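Residue numbers (the numbering used here), protein chains in the order written: chain A, 1 to 478; chain B, 1 to 461.
Just below is one structure, and these are the notes that go with it.
Below, the structure is given as structure tokens:
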């Protein structure tokens, strides 16, 4: 392990993080709030980052350094992002701050706050801005801003970007990151403007757009989007939640004029079918609660989009819905968004690959000598990619079950315990019962909060990088 | 520039590595998953799986907006079709690797209609390079400039050489009069050195000399190491390089023996090269080599397809006292080991090919400025030697070199002014139409103007 290089990359990322804290600081000053929490956090993060970035190292970057650096950086980013919360005095312990910060960067949106509204606007802005930064990836941003990291940054991108196969848009990875961030910024800006035009105040539309763009789900209201009670906002946010859970290379292809190729993506079709089918099924199931087709369809679509995009906003308390709808939503928490988007969980492309692999296995039993390949978008999927998809799925399930056992020590009902883990590892946000859309995670013990924080990072980085951190051989010097 | 490399083998990978370091946008096409994975993991390039000769793969790689398409798959036919397809799609410049002996001689007729702008034959290029070494056995490496009028050679300083252990400025007057210059020095454990008068060569250093062939010959006479050109050569391995090399040497009147293991291949060779002695046997078998009296030949070239065998057999030949031994090795990391063991002349077809293509790409990048005529990678790729022709766009013409600020690690080694070869001193100056040969540790020289350190000039006024 080339620790010097890992530390240098970590230092650079922390410096980018410190610079990004200037924005909430500005908001603080604008609303004449106490800027001290941010000043202290910037000084500590920037100082540590600067010292680490001074380390001299060679550029011998191999996959293990990439994975190791990503895992370490995400842990440290969680620790440093928690500093403003810690200094502002609204949180009970540092573990709470860490949970909130990790929940922000991993775009989960689970909160331990019982009341959100009394918090200063700067802190609330930082919560949502963390979503925006974490959505596309802190490291992707660092690569885009600091091309001096050497040619092998592809290992970093690979470890941080979601999905079974990493597709670069253009040959240079720093340019790929710039294009991704460009698309991301433009779409965020569009949402801010549209929400503003629909009548949402500037501050709210910016903060909610950040939370939508990163598919995070922190809200500045106790009752999430339901607090606005405005169908227009709900529809706009539904549409944008779906936009941000589509693979960004689709937008790149559209920009290049290859619309047909973009729309023929198997994953995109699968995603849209799942969204449409679940919305209709839930709308039928909850029709008796709302009375009109329009209302039930709107709420069903909002909740489905919110859960499958792993955002976690709520336009109504779906914890009170019939059991069928609640179960369907929990299942959607497993599926998650498309690969290459800002969403989390298992990802549509993996689910699709698994379904096709099962189909192949059945054919293999019926025709023992048949030669069969699994295809996606008309291309044969490499057996190695297929294998890693299956291993990912198994690991995801094992971790979910193991974490459920650990959290069950707190003695809450199975519904609360299980959905809390599922929602955290899937980076969704709300679960059911105690952790439902109108509830929060404050009742859990410190130990459970740490377990859940780790689940969020495991889910965001798609497990393997974090497991590398726990492997003894990775810590050997080289 | 946008560059597409079709075929991710040895040469394809080396090219992708060098070109992506020079900030080009590289797309690699190959059918092999493992090769692509290796490229995508260690290089900043875009990898596409597919047949590089098919339009769909080329479209996916956006061949229409490609500046250069390099076809370097293992099959000549695919390379040719690939160039044809890429050209039809709108690629600006196509380079094909064609190795088949029969095509090589006939291709000039087909080149245009196939849409190939440049044909690269690595085996032939390697053979040409080896044949030069055999003509000048004292040099470990030899590159030529100005159509052979200037040569760049390297040699290792040995115990007892008079150049060792004294500064260059203290060397005898006679030596300084020779039309040649010490332009670079490689020393174990340090970066490449661009020497000045205070540089003290040590035993074991590898020195690079540039100058007129007569000057270099005279230098080796002074050194007591002059050996006449090889009269009979022994080649191990009967591949394509051996074929090309044997036919070149044959034309020069050198007696050639080839040892090849495969009997059918031996037949082909003896049919094509009637005056060459072709032996069927294992070239790594020392009994066979002794039986054929290998020690009596004055050049030994090992060209089998295994780098390890080539180096070991090469070392054996040195032990037998053969004055000139050349080994082929594509693996760069073996070079250092071989040098340490006393085997100085190691040629790499991969590096030679990569060098040729790099020269073309650099030349295209710089369409307005001075023309680049040659580019060689020396010292395992740590430095480059380049030949430019100065023209009206060249700045600071007529200014004596001593008044110019050059960037660090750059040496103006030779000027050719109106056909006259000049080893420049402080009073020489550049003129339009001059040929300039530079040695540079920097890898971003595209034009003569790139050598000037202008930030300083601006400050100075």
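Here a beta-carbon is modelled for each residue, glycine too, at the ideal position from N, C-alpha and C.
Everything numeric in this text was worked out from a predicted model, so none of it was measured.
Discussion item. Contact between the segment 168–185 of chain A and the segment 32–52 of chain A is defined here as three or more beta-carbon pairs at a separation below 8 Å; is this criterion met?
Written reply: Contact between the segment 168–185 of chain A and the segment 32–52 of chain A is absent, because fewer than three Cβ pairs lie under 8 Å.
Item to complete: Kindly list, in the order they appear in chain A, the residues whose Cβ is closer than 9 Å to that of residue 25 of chain B.
Response: Near residue 25 of chain B (Cβ distances below 9 Å), the residues of chain A are 170, 171, 172 and 175.
Worksheet item: For residue 211 of chain B, does the three-state DSSP call read helix, strand or coil?
Response: If DSSP states are grouped into helix, strand and coil, residue 211 of chain B belongs with the strands.
Worksheet item: Could you give the distance in angstroms between the alpha-carbon of residue 461 of chain B and the alpha-carbon of residue 215 of chain A?
Response: For residue 461 of chain B, the predicted structure reports a pLDDT of 36, less than 50, and the residue's modelled location is therefore unreliable. A value from the coordinates is still provided. Taking the straight line from one Cα to the other gives about 56 Å.
Discussion item. Just to confirm, is the Cβ distance from residue 64 of chain B to residue 48 of chain B under 8 Å?
Written reply: Taking the C-beta atoms as reference points, residue 48 of chain B is found no nearer than 8 Å to residue 64 of chain B.
Worksheet item: Residues in its own chain within less than 7 Å of residue 480 of chain A by CB, not counting five upstream and five downstream?
Response: Because chain A in this structure spans residues 1 to 478, residue 480 of chain A falls outside the shown range and cannot be described.
Discussion item. According to DSSP, is residue 176 of chain B part of a helix, a strand, or is it coil?
Written reply: In this structure, residue 176 of chain B counts as helix in the three-state DSSP scheme.
Practice prompt. Tell whether a beta-carbon distance below 8 Å holds between residue 96 of chain B and residue 71 of chain B.
Written response: Yes, the pair counts as a contact, with Cβ atoms nearer than the cut-off.
Fill in: For residue 388 of chain B: DSSP bridge partner residues
Residue 388 of chain B is bridged to B:372 and B:436.
Fill in: Short-range partners of chain B found in the segment 47–70 of chain A, where Cβ spacing is below 7 Å
In summary, the residues of the segment 47–70 of chain A whose CB is separated from some CB of chain B by less than 7 Å are 63, in the order they occur in the chain.
Worksheet entry | Amino acids of chain A, ordered along the chain, whose beta-carbon sits closer than 9 Å to that of residue 186 of chain B | Under the 9 Å cutoff, chain A gives no residues; its nearest Cβ is about 20 Å from residue 186 of chain B.
Worksheet item: Per DSSP, residue 49 of chain B is paired with what?
Response: Under DSSP, residue 49 of chain B forms a beta bridge with B:30.
Worksheet item: Residue range of the beta strand (DSSP E) that residue 232 of chain B falls in?
Response: Secondary structure note for residue 232 of chain B: its beta strand (DSSP E) is the uninterrupted segment 232–236.
Worksheet item: Measuring CB to CB, does residue 115 of chain B end up less than 8 Å from residue 84 of chain B?
Response: Residue 115 of chain B is a Cβ neighbour of residue 84 of chain B, given a cutoff of 8 Å.
Worksheet item: Does residue 387 of chain B come within less than 8 Å of chain A when only Cβ atoms are used?
Response: It does not: the Cβ of residue 387 of chain B has no partner Cβ on chain A nearer than 8 Å.
Discussion item. Distance cutoff 8 Å, beta carbons only. Does residue 161 of chain B sit that close to anything in chain D?
Written reply: The structure shown contains no chain D; its protein chains are A and B.
Worksheet item: Of all Cβ atoms in chain B, is any one closer than 8 Å to the Cβ of residue 19 of chain A?
Response: For residue 19 of chain A, the answer is no, since every Cβ of chain B falls outside 8 Å of its Cβ.
Worksheet item: Which residues in the same chain have their Cβ closer than 6 Å to the Cβ of residue 429 of chain B, if we skip the five residues on either side of it in sequence?
Response: Result list for residue 429 of chain B: 398, 399 and 400, in chain order.
Discussion item. If contacts are defined as beta-carbon pairs under 8 Å, then residue 101 of chain A and residue 130 of chain A qualify, I think. What distance do you get, rounded to the angstrom?
Written reply: Right, the Cβ-Cβ distance comes to about 7 Å (below 8 Å), so this counts as a contact.
Discussion item. Bridge partners for residue 389 of chain A per DSSP, in chain order?
Written reply: According to DSSP, which records beta bridges pairwise, residue 389 of chain A is partnered with nothing at all.
Worksheet item: Hey, does residue 468 of chain A have any beta-carbon neighbour from chain B nearer than 8 Å?
Response: For residue 468 of chain A, the answer is no, since every Cβ of chain B falls outside 8 Å of its Cβ.
Worksheet item: In terms of DSSP beta bridges, what is residue 255 of chain B paired with?
Response: Note: residue 255 of chain B sits in a beta bridge opposite B:232.
Discussion item. Given 7 Å as the limit, tell me if residue 270 of chain A has its C-beta closer than that to any heavy atom belonging to the ligand ADP.
Written reply: Because no ligand of any kind appears in the structure shown, any question about the ligand ADP cannot be addressed here.
Item to complete: Kindly indicate the opening and closing residues of the alpha helix (DSSP H) around residue 34 of chain A.
Response: Run containing residue 34 of chain A: none; DSSP gives neither H nor E here.
Fill in: Sequence-distant residues of the same chain with beta carbon closer than 8 Å to residue 372 of chain A, five excluded per side
These residues qualify, in order along the chain: 360, 363 and 364.
Item to complete: Determine whether the Cβ of residue 45 of chain B lies closer than 8 Å to any Cβ atom of chain A.
Response: By this cut-off, residue 45 of chain B is an interface position.
Fill in: Test item: CB-CB of residue 226 of chain B and residue 299 of chain B under 8 Å
Taking C-beta atoms as the reference points, residue 226 of chain B and residue 299 of chain B fail to come closer than 8 Å.
Item to complete: Since I believe residue 218 of chain A is in contact with residue 188 of chain A (beta carbons under 8 Å), could you give me their beta-carbon distance rounded to a whole number of angstroms?
Response: About 15 Å separates the two Cβ atoms, so there is no contact after all.
Worksheet item: Taking Cβ positions, are residue 437 of chain B and residue 193 of chain B nearer each other than 8 Å?
Response: Judged by beta-carbon spacing, residue 193 of chain B lies beyond the 8 Å limit of residue 437 of chain B, meaning their Cβ atoms are not closer than that value.
Discussion item. Give me, in chain order, the residues of the same chain whose beta-carbon lies closer than 7 Å to that of residue 121 of chain B; leave out the 5 immediate sequence neighbours on both sides.
Written reply: Result list for residue 121 of chain B: 98, 99 and 104, in chain order.
Discussion item. Our contact map puts residue 223 of chain A next to residue 438 of chain A with C-beta atoms below 8 Å; I'd like the distance itself, whole angstroms only.
Written reply: Rounded to whole angstroms, the Cβ separation of residue 223 of chain A and residue 438 of chain A is 6 Å, and the two are in contact under 8 Å.
Item to complete: Hey, could you find the ends of the alpha helix (DSSP H) residue 20 of chain B is sitting in?
Response: Residues 10–21.
Worksheet item: How should residue 459 of chain B be labelled, buried or exposed, when 16 other C-beta atoms within 10 angstroms of its C-beta is the threshold for buried?
Response: With a pLDDT of 44 at residue 459 of chain B, under the threshold of 50, the modelled position of that residue is not reliable, and the figure given next carries that caveat. An exposed status is given to residue 459 of chain B, since fewer than 16 other beta-carbon atoms sit within 10 Å of its beta-carbon.
Item to complete: Using a cut-off of 9 Å between C-beta atoms, extract the partners of residue 308 of chain B located in chain A.
Response: None at all; the shortest Cβ gap to chain A is about 25 Å.
Discussion item. Considering Cα atoms alone, identify which of A:378, A:322, A:450 and A:81 is closest to residue 264 of chain A.
Written reply: Answer by Cα proximity: A:378.
Worksheet entry | Cut-off 8 Å between Cβ atoms - residues of its own chain near residue 452 of chain A, not counting five sequence neighbours on either side | Residues of the same chain with a CB within less than 8 Å of the CB of residue 452 of chain A, apart from the 5 flanking positions on each side, are 99, 110, 403, 407, 420, 421, 424, 441 and 444 in chain order.
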